[in-house]
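In this note's numbering, the protein residues as written are 243 to 901.
Built from N, CA and C at the ideal position, the CB exists for glycine as well.
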Amino acid sequence: ELIQELNELYVNAGILFRLEGDVNIINNDNFFDLDSSEEGELAGPNDVSSVVNMYFSGTLTSGQASLCGYTRFPPSSDRVFVAAGCATGVGTTAHELGHYFTLYHTHGRTNNGTTDELVARVDCESLGDEICDTAADPNLSGKVDGGCNYIGGDVDANGQQFVPDPKNLMSYSLQSCRDLFTPSQYDRIRNGLENGRDYLNISSDGFRASFTADIRSGCAPLSVQFSDNTVTGNTRKWIFGGIDTESFSDEPIAVFEEPGTYSVTLIATNSVGDTDTLTRNNYITVRDRFENVTDSALDENFAGSLFPDDYSIINIDNLGFFEVSDVSNDSGTGSIFINGFNYDAFSFPQVDLLEFPNFRIDEISSFNLSFSHAYAYRSGEAETEIDPVYDSLGLYYSLGCESESVFLWKSGGSELSTAPPESEVAFVPISNQWDVNTWELDLQALDDIVEYDVIRFGFEAVVYGGNNLYIDNLIVQPRYDLIAPGFLRETDVEFGGNIAITWFEESINELGFIIERSLDEGEFAEVARVERNERRYEEVRPEAQRVRYRVKAFNTFSESEFTDILDVGTITSLNTAVSGAQEINVYPNPLSDRRELTLDIPPGEKYIYQLTNVYGSTIMFGTVNNNMNIISFLGRESGVYFITLSNEFENKTFKILVE
């Protein structure tokens, strides 16, 4: 599987790897914990000429430094070394092979330093990694979160903030994030093969079925773009989830309608009729966006030995992970625990996520969140502004099925600590070594929130082998408060006929609106309910001297305050204002060639105006005040329009004729 994944990454450089002979298991415990100083003793008797010799050891060090892997630029020995704990994915192996074929780190020629390249990409051919289509990179070690987002704030020599790519394979981003080379990196890889390692045992038989997908998980219905990476293949046939699509495209789009896990098969045929089949089992994961949804507040003290069923542990490194402990900030209950002191990993950092149940957000206005934590960092953890290396904890949220995480809070090292540093023993907190953290998340303040239907919260623990971390008393309280609708005003759809009222939606979490009416000073009573996207009500004008309306929003859990009361007056014709009102001049009327309507407002007055057509649809609205204001009708069709001016005391409506 590793070779298959490497081929999918390197096929764009015209390179395919294959296993040459049997795997050589070197049965010698002395090399399980391998130091670079022992390279010759290990590799000298075992190297095979004209191939890439891959050596996997239990751990890998160079003096006091722990490594995930290393190799050398050509001309050099054909050796790539990788620690077993870093070989669970393809990232580290692909990264080291990049060096083998002459790629530098995206942050430049050093391991632990930062780049000399500017964000503006000046002299990008000679600075940094000497490649111009990779972003300037300050060194991403410890600066990428579990959602693959850059969280550093580094600036270049000109003070411009870096915007690196955490997905590039030659960066120091998290292994789980790295999955791509740029076109210029592929060019350099190919050049490294042809001009530095052209002696390799390159087979002319490059025919192998190979494919990739633009995304591999998401919510139903999930649309996936596949790409055929088969070398020398002439035709292909796809099978998605066991369904033969009869598709012969090299870039088909498959839509997975139902939640589940799907396999994908590509059958490729070359020009001489040879056939090769690649099946990737459980390749596409499709989720139900409403799975694991709760309407209830979370109030967890983590009593017992297991997490509640609706919590999800995402154990990216397949090593240490979130557990439930009997240590507690409250007697008789438990807590969440990360065993950082004895974290069983070959290399750091390691990232683990704990996600809470999902919430539907269509009726929620905001969340109140809180939890307690206890932590003592291990003495000797590196905490420098240049290269921070320490345990950290973050609280994040994600919307819908989007993979991007937004952090409400993130802290690490001494800042995260609630107790004195400890290096000799595993930290176990006492009652006065807990801190309480609280936040409010206002959904109505989030951009594009109406595009999403669920939200999930979670913890991210980034472990560098520091000390133990505990979390307790988790509370996630959804709030269902509603804001009263705004700008209630009258709009006539038929001069002298029905009454139509409209209003502005101020909340994002209502199910609909309740309209109440009062006739001739009587009590208000409900006359209608409309759905959330209506924001308009029309009825036959009641037989009453005075008609008043008010509107409020509602959902399953709450009702808002009412709007201000709208006292419906008699619609006037042409330039005559409501009886008793201050004079407002609206001219010319009718409008002809000029198509500019002037509103002459008395000094000191301010009105909100709404322009509607004869069908009651709003065309334009805004604010007008002292003296003359011009509203353009250029491009408008001829016909009848109504303009309503409103302030806190009155509403005035004018009928406008456009010739």
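Beta-ladder partner(s) of residue i, from DSSP
i, result
"leucine 261", "None, per the DSSP bridge assignment."
"aspartate 530", "Paired residue(s): none; aspartate 530 is not in a bridge."
"asparagine 871", "Leu841"
"arginine 698", "Ser640"
"arginine 759", "Ala767 and Tyr791"
"alanine 399", "Bridge partners of alanine 399: none, in fact."
"tryptophan 745", "In DSSP, tryptophan 745 forms no bridge with anything."
"alanine 455", "Phe468"
"glutamate 597", "Ser554 and Gly700"
"glycine 846", "DSSP lists no partner for glycine 846."
"histidine 341", "Paired residues: none, contrary to the question."
"aspartate 684", "Ser608"
Short Cβ contact (9 Å threshold) for residue i with residue j
i, j, result
"aspartate 552", "proline 599", "yes"
"valine 324", "tyrosine 342", "no"
"glycine 642", "aspartate 695", "yes"
"isoleucine 898", "leucine 833", "yes"
"serine 607", "arginine 721", "yes"
"leucine 411", "aspartate 421", "yes"
"asparagine 400", "aspartate 604", "no"
"aspartate 470", "alanine 510", "yes"
"alanine 545", "glutamate 500", "no"
"valine 718", "alanine 539", "yes"
"phenylalanine 766", "glutamate 758", "yes"
"tryptophan 480", "threonine 503", "no"
"glycine 438", "threonine 344", "yes"
"serine 418", "isoleucine 526", "no"
"asparagine 523", "serine 505", "yes"
"valine 705", "proline 591", "yes"
"leucine 716", "glutamate 542", "yes"
"aspartate 320", "aspartate 289", "yes"
"alanine 687", "glutamate 803", "no"
"arginine 790", "leucine 808", "yes"
"leucine 244", "threonine 335", "yes"
Assumed close pair residue i, residue j - CB separation to whole angstroms, cut-off 8 Å
i, j, result
"leucine 635", "serine 647", "14 Å between Cβ atoms; not a contact."
"isoleucine 826", "leucine 839", "Isoleucine 826 to leucine 839, Cβ: 12 Å. No contact."
"arginine 788", "glutamate 768", "Contact flag wrong, Cβ pair sits at about 19 Å."
"glycine 554", "serine 567", "Per the sequence shown, the amino acid found at residue 554 is serine instead of glycine. Contact flag wrong, Cβ pair sits at about 19 Å."
"leucine 761", "isoleucine 743", "Contact flag wrong, Cβ pair sits at about 15 Å."
"tyrosine 585", "glycine 389", "That belief does not hold up - the Cβ atoms of tyrosine 585 and glycine 389 are roughly 21 Å apart, past 8 Å."
Same chain, Cβ closer than 6 Å to residue i, five either side skipped, listed in chain order
i, result
"leucine 650", "Leu637 and Trp681"
"proline 630", "Here the model assigns proline 630 a pLDDT of 45, short of 50, so the residue's position is not dependable and the matter cannot be decided."
"isoleucine 556", "Leu595"
"leucine 464", "Phe498 and Val528"
"glutamate 262", "Val293"
"leucine 520", "Ala451 and Leu508"
"glycine 728", "Phe746 and Glu748"
"phenylalanine 579", "Glu565, Ser567 and Tyr712"
"glycine 333", "Gln417 and Arg420"
"threonine 517", "Thr511"
"arginine 771", "Gly754 and Ile756"
Other residues of its chain near residue i: CB distance less than 7 Å, five sequence neighbours each side excluded
i, result
"aspartate 387", "Ile393, Gly636, Ser647, Phe649 and Glu702"
"serine 821", "With a pLDDT of 34 at serine 821, under the threshold of 50, the predicted position of this residue should be treated as unreliable, though the coordinate-derived value follows. No residues qualify anywhere along the chain."
"phenylalanine 273", "Glu280, Leu284 and Ser299"
"aspartate 398", "Leu360, Val361, Ala378 and Phe404"
"asparagine 797", "Glu605, Tyr722, Leu724, Asn751, Glu752 and Leu753"
"serine 815", "The predicted model places serine 815 with a pLDDT of 33, which falls under 50 and marks its position as unreliable; any figure quoted below should be read in that light. Cβ neighbours of serine 815 beyond the five flanking positions: Lys897."
"glycine 700", "Leu595, Leu596, Glu597, Phe598 and Tyr638"
"alanine 819", "Note that alanine 819 scores 35 on pLDDT, short of 50, meaning its location in the model is unreliable and no value can be drawn from it."
"glutamine 246", "none"
"isoleucine 861", "Leu853, Thr854 and Asn855"
"alanine 823", "Reliability of the predicted coordinates at alanine 823 is poor, the pLDDT of 41 falling under 50, and no value is obtained from them."
Sequence-distant residues of the same chain with beta carbon closer than 8 Å to residue i, five excluded per side
i, result
"serine 413", "His347, Thr348, His349, Asp379, Leu382, Pro406, Asp407 and Arg420"
"cysteine 374", "Arg363, Cys366, Glu367 and Ser426"
"leucine 339", "Leu248, Tyr252, Val294, Thr313 and Val322"
"threonine 477", "Phe490, Ala510 and Thr511"
"asparagine 740", "Asp734, Glu780, Glu781, Val782 and Arg783"
"leucine 442", "Ser292, Val293, Val294, Asp320 and Leu435"
"asparagine 575", "The amino acid at residue 575 is misidentified as asparagine; the sequence shows threonine. So the list reads Asn543, Phe544, Ala545 and Asp714, once near-sequence residues are dropped."
Evaluate the contact criterion for the region 840-854 versus the region 878-887: three or more CB pairs, one atom per stretch, below 8 Å. yes
Using 8 Å as the threshold, is the region 453-465 in touch with the region 275-292, meaning 3 or more CB pairs across them? no
Can you confirm whether the region 710-718 touches the region 564-584 when touching is taken to mean that 3 or more C-beta pairs between the two stretches lie within less than 8 Å? yes
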